[in-house]
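Position one of the sequence shown corresponds to residue 47 (this note's numbering), numbered consecutively onward.
Every residue gets a Cβ at the ideal spot worked out from N, C-alpha and C, and that includes glycine.
Owing to the predicted nature of the structure, the values given are computational and were not obtained by experimental measurement.
First comes the structure, then the notes that go with it.
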Amino acid sequence: MERLILCGGGHVSLELAWLARRLEFAVTVVDDRPEFANEERFPMAEQVICLPFEEALAALPREEGDYWAVLTRGHAYDGLCVDHILRGPYAYVGMIGSRAKVAATRERLLARGIPREKVDTLHAPIGLPLGGQTPAEVAVSIAAQLVQVRAGRGGAGSATPPGHGILMTIVDKRGSAPRGVGAKMLLGEDGAVAGSIGGGAVEHQALEEARALAAGGSCPAERTYDLSPGAAELGMVCGGTIRVRFEKV
47 MERLILCGGG HVSLELAWLA RRLEFAVTVV DDRPEFANEE RFPMAEQVIC LPFEEALAAL
107 PREEGDYWAV LTRGHAYDGL CVDHILRGPY AYVGMIGSRA KVAATRERLL ARGIPREKVD
167 TLHAPIGLPL GGQTPAEVAV SIAAQLVQVR AGRGGAGSAT PPGHGILMTI VDKRGSAPRG
227 VGAKMLLGED GAVAGSIGGG AVEHQALEEA RALAAGGSCP AERTYDLSPG AAELGMVCGG
287 TIRVRFEKV
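Next up, the structure:
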């Protein structure tokens with residue numbers, strides 16, 4: 047599951063955190079105000095950090111698959127956060143703000159020695175231009191951009207879920223299907239499930255076969271699922287097929 051770090055715990059961040067959790071992001075919230083950075087306000091978050099931004103970001107481990115949304119109050123710490131983020135690994139960085147404010151921030155980043163190719167990866171103003179104004183509408187535009195970027199990197203669930211058990215990976219996709227090639231799901235040794243290969247009946251059937259393999263029964267190394275309207279087996283109507291590989295990890 048990809049991690050989304052929200053720099054700022056305001057109204058847009060709260061709306062975005064709920065959407066991101068539904069989109070299978072692991073949410074981390076950073077803010078220096080206890081009334082905004084707390085687990086009661088962000089119950090959907092994996093981690094809530096209440097520290098000064100510079101201190102919190104310096105202590106937060108970094109990964110190449112991290113997604114960052116910079117939404118600090120009054121834009122007071124946006125530049126500081128983006129400067130820190132662009133100096134490490136990341137998959138996505140977005141910053142809220144007007145075009146004039148964004149242009150000024152870009153110039154300051156260049157003046158601080160951030161390479162132009164790094165500055166050019168900044169999504170600012172953040173989100174797809176949907177025209178929304180309310181916090182919820184802005185959050186939808188940001189979430190849409192996160193989905194767009196993640197799909198370009200291989201889609202949700204493309205990273206290998208942690209743990210031991212039976213790993214299911216989509217190795218081929220024809221036509222329409224909920225998940226693309228590279229999507230993964232793990233049936234853990236304790237029976238827990240992480241990741242997704244499409245949801246619904248196709249996942250149920252794949253999990254049944256994974257459990258049979260885990261119990262020592264016979265199970266094909268690969269299995270093709272027909273999701274077309276005429277396929278009565280799974281009762282799915284996406285219109286395509288996926289081939290899933292099963293392996294012990």
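Residue nearest to Leu-273 in terms of C-alpha spacing, selected from Glu-255, Ala-247, Ala-261 and Pro-266: On the sequence shown, residue 273 is found 227 positions in, with the first residue counted as 1. For Leu-273, the nearest C-alpha among the options comes from Ala-247.
For Gly-234, the residue or residues it bridges with in DSSP: Reading the sequence shown from its first residue, position 188 is the one you call residue 234. Paired residues: Gly-211.
Anticipated Cβ contact below 8 Å, Asp-236 with Ile-288, distance rounded: In the sequence shown, residue 236 corresponds to position 190, counting from 1. In the sequence shown, residue 288 corresponds to position 242, counting from 1. With 8 Å as the limit, Asp-236 and Ile-288 do not qualify as a contact, their Cβ atoms being about 26 Å apart.
Cβ-Cβ separation, Arg-49 to Tyr-113 (assumed contact under 8 Å), whole Å: For the purposes of this step, residue 113 is taken as residue 67 along the sequence shown, with counting starting at 1. For the purposes of this step, residue 49 is taken as residue 3 along the sequence shown, with counting starting at 1. Going by Cβ atoms, the distance from Tyr-113 to Arg-49 rounds to 7 Å, so yes, they are a contact pair.
For Gln-179, the first and last residue of its enclosing alpha helix (DSSP H): Counted from its first residue, the sequence shown places residue 179 at position 133. That residue, Gln-179, is in no alpha helix (DSSP H); it is neither H nor E in DSSP.
Check whether Ile-216 and Gly-226 have beta carbons under 8 Å apart: Start at 1 with the first residue of the sequence shown, and residue 216 comes out as number 170. Start at 1 with the first residue of the sequence shown, and residue 226 comes out as number 180. In this structure, Gly-226 lies closer than 8 Å to Ile-216 by Cβ.
Whether Gly-134 touches Ala-170 by CB criterion (8 Å): The residue labelled residue 134 in the question sits at position 88 within the sequence shown. The residue labelled residue 170 in the question sits at position 124 within the sequence shown. No.
For Ser-187 and Ala-63, the rounded distance between their alpha carbons: In the sequence shown, the residue the question calls residue 63 occupies position 17. In the sequence shown, the residue the question calls residue 187 occupies position 141. Those two C-alpha atoms are separated by around 13 Å.
Whole-angstrom distance between Gly-244 and Val-148, CA atom to CA atom: Looking up residue 148 in the sequence shown gives position 102. Looking up residue 244 in the sequence shown gives position 198. Spanning the two alpha carbons is a distance of roughly 38 Å.
Residue span of the alpha helix (DSSP H) that contains Ile-288, given as start and end: Taking the first residue of the sequence shown as 1, we reach residue 288 at position 242. Segment 287-294 is the beta strand (DSSP E) holding Ile-288; no alpha helix (DSSP H) there.
Inter-residue spacing [alpha-carbon to alpha-carbon] between Gly-281 and Ala-223: On the sequence shown, position 235 is the one that residue 281 refers to. On the sequence shown, position 177 is the one that residue 223 refers to. Note that Gly-281 scores a pLDDT of 49, beneath 50, so its modelled location is shaky; the value from the coordinates is reported in the next line. Approximately 13 Å, taken between the alpha carbons.
Bounding residues of the beta strand (DSSP E) (the contiguous stretch that carries Arg-269): Numbered from 1 along the sequence shown, position 223 holds the residue referred to as residue 269. Arg-269 -> beta strand (DSSP E) spans 268-272.
Neighbour-count burial assignment, Gly-262, 16 or more Cβ in a 10 Å radius: As a first step, residue 262 is located in the sequence shown; it is residue number 216 there, counting from the start. By the 10 Å Cβ count, Gly-262 comes out exposed.
Where the alpha helix (DSSP H) containing Ala-149 begins and where it ends: As a first step, residue 149 must be located in the sequence shown, where it is residue number 103. 145-157 is the extent of the alpha helix (DSSP H) around Ala-149.
C-alpha gap between Gly-54 and Arg-162, whole angstroms: Residue mapping note: residue 54 aligns to position 8 of the sequence shown, counting from 1. Residue mapping note: residue 162 aligns to position 116 of the sequence shown, counting from 1. Approximately 25 Å, taken between the alpha carbons.
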